[in-house]
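See below for the structure under consideration.
Here it is as structure tokens:
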């Protein structure tokens, strides 16, 4: 455990040095937040002030929490592992005295912690000052929201890792990454709340782990659902974490075996 803590701390310090990139990320997140907020406000106003349970204040909270969580969850995915697989550098990772997935998960947690503080909180504060936020009154919502956020980061890591591990069998994974990112951003509830989906698309979304990556932590942290209503959703998150963890471990084992058979 001390080893992984050191890795996470090093990852946090590493990303804290990218000050210009952080400032640019805050600016971009804030601008897109205002654009998204204006679109949702227009839709709700046209619907008469409420749309599928969302008021203007709730929509503002949904937008700014989504912008705050975008960077730490890394909704657009990463390509580091797939590149290391294609370049053969993954062999070095597999020889380290740490778990392969544990190593990258620790890096992810350290990186996400900085991105939440450096790129997530500032747009949220700006949004709160400009449009206002509808925050929960029950302190338990914040505690459950923290657990939900950790589960969301874990789910996003495992799903993204599975896309990267496909590099053991695919020569190029950019196309797969693009498809994954598009599907994830739609079904996770990042673009619009999943309750705004037609019934058939809502059913598809709820059959995937994607809503657990964005919609669930937003709903929990915003207080749109009560702590009692949040508990089953946290259970769903935990179930998906288990499923994706098993799947990622299986893909890694099969990928390593494939590499060994080919003489890698």
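In full-length UniProt numbering, the protein residues as written are 1 to 264.
Note that the Cβ used here is the ideal one computed from N, Cα and C, for glycine as well.
Classify residue i as helix, strand or coil using the three-state DSSP reduction.
{"i": "residue 180", "result": "helix"}
{"i": "residue 191", "result": "coil"}
{"i": "residue 18", "result": "coil"}
{"i": "residue 170", "result": "coil"}
{"i": "residue 214", "result": "coil"}
{"i": "residue 247", "result": "helix"}
{"i": "residue 73", "result": "helix"}
{"i": "residue 209", "result": "coil"}
{"i": "residue 161", "result": "helix"}
{"i": "residue 225", "result": "coil"}
{"i": "residue 232", "result": "helix"}
{"i": "residue 7", "result": "helix"}
{"i": "residue 147", "result": "helix"}
{"i": "residue 65", "result": "helix"}
{"i": "residue 197", "result": "coil"}
Given this structure, state the Cα-to-Cα distance separating residue i from residue j, to the nearest angstrom.
{"i": "residue 226", "j": "residue 141", "result": "7 Å"}
{"i": "residue 64", "j": "residue 122", "result": "10 Å"}
{"i": "residue 288", "j": "residue 234", "result": "A query on residue 288 cannot be resolved here, the shown segment of the chain reaching from 1 to 264 and no further."}
{"i": "residue 252", "j": "residue 85", "result": "11 Å"}
{"i": "residue 230", "j": "residue 215", "result": "11 Å"}
{"i": "residue 1", "j": "residue 171", "result": "35 Å"}
{"i": "residue 200", "j": "residue 191", "result": "17 Å"}
{"i": "residue 163", "j": "residue 246", "result": "14 Å"}
{"i": "residue 75", "j": "residue 28", "result": "15 Å"}
{"i": "residue 217", "j": "residue 146", "result": "8 Å"}
{"i": "residue 44", "j": "residue 255", "result": "48 Å"}
{"i": "residue 11", "j": "residue 5", "result": "10 Å"}
{"i": "residue 133", "j": "residue 67", "result": "13 Å"}
Buried or exposed for residue i, going by 16 or more other Cβ atoms inside 10 Å?
{"i": "residue 20", "result": "exposed"}
{"i": "residue 161", "result": "buried"}
{"i": "residue 87", "result": "exposed"}
{"i": "residue 258", "result": "exposed"}
{"i": "residue 120", "result": "buried"}
{"i": "residue 91", "result": "exposed"}
{"i": "residue 250", "result": "exposed"}
{"i": "residue 25", "result": "buried"}
{"i": "residue 40", "result": "buried"}
Query raised in the report: Which parts of the region 76 to 143 are runs of the alpha helix (DSSP H), unbroken and 4 residues or longer, counting only runs that do not cross its ends?
Result: The DSSP assignment places 80 to 87, 90 to 95, 100 to 115, 121 to 130 as complete runs of the alpha helix (DSSP H) inside the region 76 to 143, in order along the chain (cut-off: 4 residues).
Query raised in the report: Does the region 45 to 60 come close enough to the region 145 to 157 that 3 or more CB-CB pairs lie under 8 Å?
Result: Taking 8 Å as the limit for Cβ pairs, the verdict is that the region 45 to 60 does not touch the region 145 to 157.
Query raised in the report: Counting pairs of Cβ atoms below 8 Å between the region 232 to 251 and the region 199 to 212, do you hit three or more?
Result: The region 232 to 251, when compared against the region 199 to 212, does touch it at the 8 Å Cβ threshold.
Requested in this report: Would you check if the region 102 to 114 and the region 179 to 198 touch, i.e. whether three or more CB-CB distances between them fall below 8 Å?
Outcome: Two segments are said to touch when three or more pairs of C-beta atoms, one from each, lie closer than 8 Å; by this definition the region 179 to 198 does not touch the region 102 to 114.
Requested in this report: Answer yes if the region 211 to 222 comes into contact with the region 110 to 122, meaning at least three C-beta pairs across the two stretches below 8 Å, and no otherwise.
Outcome: Between the region 110 to 122 and the region 211 to 222 there are fewer than three inter-stretch CB-CB distances shorter than 8 Å, so the stretches are not counted as touching.
**Report entry** Segments assigned alpha helix (DSSP H), at least 4 residues, entirely inside the region 14 to 61
**Finding:** Within the region 14 to 61, the runs of alpha helix (DSSP H) at least 4 residues long that lie entirely inside it are, in chain order, 19 to 46.
Report task. Please determine if the region 87 to 99 and the region 177 to 184 are in contact, where contact requires at least 3 C-beta pairs separated by less than 8 Å. Result -> Counting C-beta pairs with one atom in each stretch, the region 87 to 99 and the region 177 to 184 have fewer than three that are closer than 8 Å, which means they do not touch.
Requested in this report: Flag this pair as touching only if the region 31 to 42 and the region 7 to 19 have three or more C-beta atom pairs under 8 Å; answer yes or no.
Outcome: Contact between the region 31 to 42 and the region 7 to 19 is absent: fewer than three C-beta pairs spanning the two stretches fall below 8 Å.
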